[in-house]
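Undergrad:
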Amino acid sequence: MTALVVRNGRVVHPDAVVVEDVVIVDEQIVAVGKNLDAPAGAREIDATDCWVGPSFVDLHAHLREPGFEHAETILTGANAAAVGGFGAVVAMPNTEPALDSVAVVAYVLDRGANSLIDVAVAGAITIARAGERLAPMAELAALGVRLFSDDGTGVQDAALMRRALEYARPLGVRLAQHCEDAWLAAGGSMNEGSVSSRLGLTGRPALAEELMVLRDLELARATGGRLHLLHLSTARSLSLVAQARAEGVDVTFEVAPHHFTLDESACATYDPVMKVHPPLRTKADVEALRTLLRDGELDAVATDHAPHVPESKDRAFDEAPAGMLGLEHAASLTYEALGGVDADPRRFFALLSRGPARVAQLRAHDVRPRHGAHGGDVVAGEMANVVIFDPMKTYVVDRDALQSRSTNTPYHGRTLHGQSRATIVKGRVVAGEGVLA
Ligand SMILES: [Zn+2]
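For the sequence shown, our numbering puts the final residue at 438, and the numbers step up evenly by one.
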């Protein structure tokens, strides 16, 4: 038996924040309350002034294995997630080969089972993510896959996307779309507008994203299929989704920390670390995302963690691959964007844990092979997937001290606020204060 007592933290329940102790024995929370007795031999963690809530869940992590292990592996990606406070991530399918078959998905799930956290999988919607033929979604759903995506690109063919939504519906799974019209976005390396003109770079227009958002909302409406929109980045995208939700369309969506932290002016250095798809947008878009984050209808913050080896990022801006690291700093950036010391901890855990766990179907009552329960309340009987988040912690990002195998973080040298003091997965402290336990 192993026992752990988290003392005197501010326990963040869905509707209340209460200073109390949490007693964990083996994989379970066994008691939550004031001045609890410690089981014999228990380790104690002083959590005074810290937030204690369900460990974070990331809907959008590129773990790069199989195929790109020089950039990241399932184990190093899981380590980065653990340091970031995550107890579970959804691994995206743009690997080589893509996650479009039982054999490859089973491989990733097996590798994930040997990592520090829970690794769920998003299966590909189409074979090889080529956008031509549907992947065997029913077979993959039987393995526990609940999200499907061709992320990296969107499904361009509207008829195929309609068929995929129809096919997915009785399986109880959700299709996660990377919204960019490939033709409108073609050749672009940053947001299209006055800044891209001044820098002499070809732009990817906001319209490339918004047109696919609009198309897919209508396809979801017509089919009754379940849709999730990945990394929405423009004010107009947000208003389109809000309207469709109000009208009853079954759509969930996420925003990424870089889109509510950085704007297109960051590209003025021509540093390829700032290149990402969809691109960093205008200041007005960033403001719209930040307003939504604080009090709008939003399911999740998701990282779009996208490691790249230095050789590939050491190219001209328009030739470099798109994507930046996210797992290790997402919680700090979310805390800051929610207002720092004024942030509402209930909102923080809603966006980083409870919401994404609902979308990924990782909660206790979701029938799901292989994975533990996430995003629940911190109460007796729940699985002990818990994070102790220290909102007063301040640290400086050092790209050479990351758990990720890659270094392409746009936040190098930046001072961030708030950090996981202890990430607890199935009752075991796996990481904290920026390092593995
Ligand atoms: Zn994407």
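Where a beta carbon is used, it is the ideal one built from N, C-alpha and C, also for glycine.
1. Relative to ligand 1, is the shortest distance from any of its heavy atoms to the C-beta of residue 179 smaller than 7 Å?
2. To which residues of the same chain is residue 358 closer than 6 Å at the C-beta, ignoring the five residues directly before and after it?
3. Does the beta-carbon of residue 97 have 16 or more other beta-carbons within 10 angstroms, so that it is buried, or is it exposed?
4. Going along the chain, which residues of its own chain have a beta-carbon closer than 8 Å to the beta-carbon of residue 103, five neighbours each way excluded?
5. Going by the DSSP bridge assignment, what does residue 306 pair with across the sheet?
6. Specify, as a first and last residue, the run of the beta strand (DSSP E) that residue 230 falls within.
7. Which ranges would you report for the alpha helix (DSSP H) in the region 331-408 if only whole runs of at least 4 residues count?
8. Could you give the distance in angstroms between the alpha-carbon of residue 319 and the alpha-carbon of residue 22?
9. Given a threshold of 16 other Cβ atoms within 10 Å of its Cβ, counted over all protein chains shown, does residue 330 qualify as buried or as exposed?
10. For the beta strand (DSSP E) that contains residue 4, what are its first and last residues?
11. Excluding sequence positions up to five away, which residues of its chain have a Cβ less than 8 Å from the Cβ of residue 282?
12. Taking 8 Å as the threshold, find out whether the region 308-326 comes into contact with the region 335-346 through three or more Cβ pairs.
13. Ignore the nearest five residues each way along the sequence and tell me which others in residue 153's own chain have a CB closer than 6 Å to its CB.
14. For the region 151-182, list the beta strand (DSSP E) runs that are entirely contained and at least 3 residues long, ordered along the chain.
15. Classify residue 61: buried if its beta carbon has 16 or more other beta carbons within 10 angstroms, exposed otherwise.
16. Nearest by alpha-carbon distance to residue 372: which of 433, 119 and 431 is it?
17. Across which residues does DSSP place residue 119 in a beta bridge pair?
18. Nearer than 7 Å: is that true of the beta carbon of residue 54 relative to any heavy atom of ligand 1?
19. Between which residues of its own chain and residue 328 is the CB-CB distance below 6 Å, once the five residues before and five after are set aside?
20. Take the Cβ of residue 433 as the centre, count every other Cβ of all protein chains shown within 10 Å, and call the residue buried at 16 or more, exposed below.
TA: Let me spell this out:
1. Within the sequence shown, numbered from 1, the residue matching residue 179 stands at position 178. Here the distance from the Cβ of residue 179 to the nearest heavy atom of ligand 1 is below 7 Å.
2. Taking the sequence shown and counting its residues from 1, the one referred to as residue 358 is at position 357. Taking C-beta separations shorter than 6 Å and ignoring five residues to either side along the sequence, the partners of residue 358 in its chain run 58, 364, 375 and 376, following chain order.
3. Taking the first residue of the sequence shown as position 1, residue 97 is located at position 96. Label assigned to residue 97: exposed.
4. Within the sequence shown, residue 103 is the residue found at index 102, counting from 1. Within the same chain, residue 103 has close Cβ partners 137, 140, 141 and 144.
5. Locating residue 306 in the sequence shown gives position 305, where the first residue counts as 1. DSSP lists 62 and 325 as partners of residue 306.
6. By one-based count along the sequence shown, residue 230 stands at place 229. Note, residue 230: beta strand (DSSP E), 228-230.
7. Within the region 331-408, the complete alpha helix (DSSP H) runs of at least 4 residues are 331-338, 346-350 and 356-360.
8. Here residue 319 refers to the residue found at position 318 when the sequence shown is read from its first residue. Here residue 22 refers to the residue found at position 21 when the sequence shown is read from its first residue. Their Cα atoms are separated by approximately 52 Å.
9. Working through the sequence shown from its first residue, we reach residue 330 at position 329. Per the 10 Å Cβ criterion, buried.
10. Sequence index remark: in the sequence shown, residue 4 carries index 3 (1-based). If you look at residue 4, you'll find it in the beta strand (DSSP E) that goes 4-13.
11. For the purposes of this step, residue 282 is identified with residue 281 of the sequence shown, where counting begins at 1. Excluding sequence neighbours, residue 282 sits near 192, 207, 234, 235, 260, 264 and 265.
12. With contact defined as three or more Cβ pairs closer than 8 Å, the region 308-326 and the region 335-346 are not in contact.
13. Taking the sequence shown and counting its residues from 1, the one referred to as residue 153 is at position 152. Correct list, in chain order: 95.
14. Qualifying beta strand (DSSP E) stretches, in chain order: 175-178.
15. Within the sequence shown, numbered from 1, the residue matching residue 61 stands at position 60. Residue 61 counts as buried, since no fewer than 16 other beta carbons sit within 10 angstroms of its beta carbon.
16. For the purposes of this step, residue 372 is taken as residue 371 along the sequence shown, with counting starting at 1. 119 is the residue among 433, 119 and 431 whose C-alpha sits nearest the C-alpha of residue 372.
17. Looking up residue 119 in the sequence shown gives position 118. According to DSSP, which records beta bridges pairwise, residue 119 is partnered with 89.
18. Against the sequence shown, residue 54 aligns to sequence position 53. Checking the Cβ of residue 54 against ligand 1 gives no.
19. Your numbering for residue 328 matches position 327 in the sequence shown. These residues qualify, in order along the chain: 81, 82, 85, 304 and 306.
20. Position 432 of the sequence shown, counted from the first residue, corresponds to residue 433. Answer is buried; the Cβ neighbour count reaches 16.
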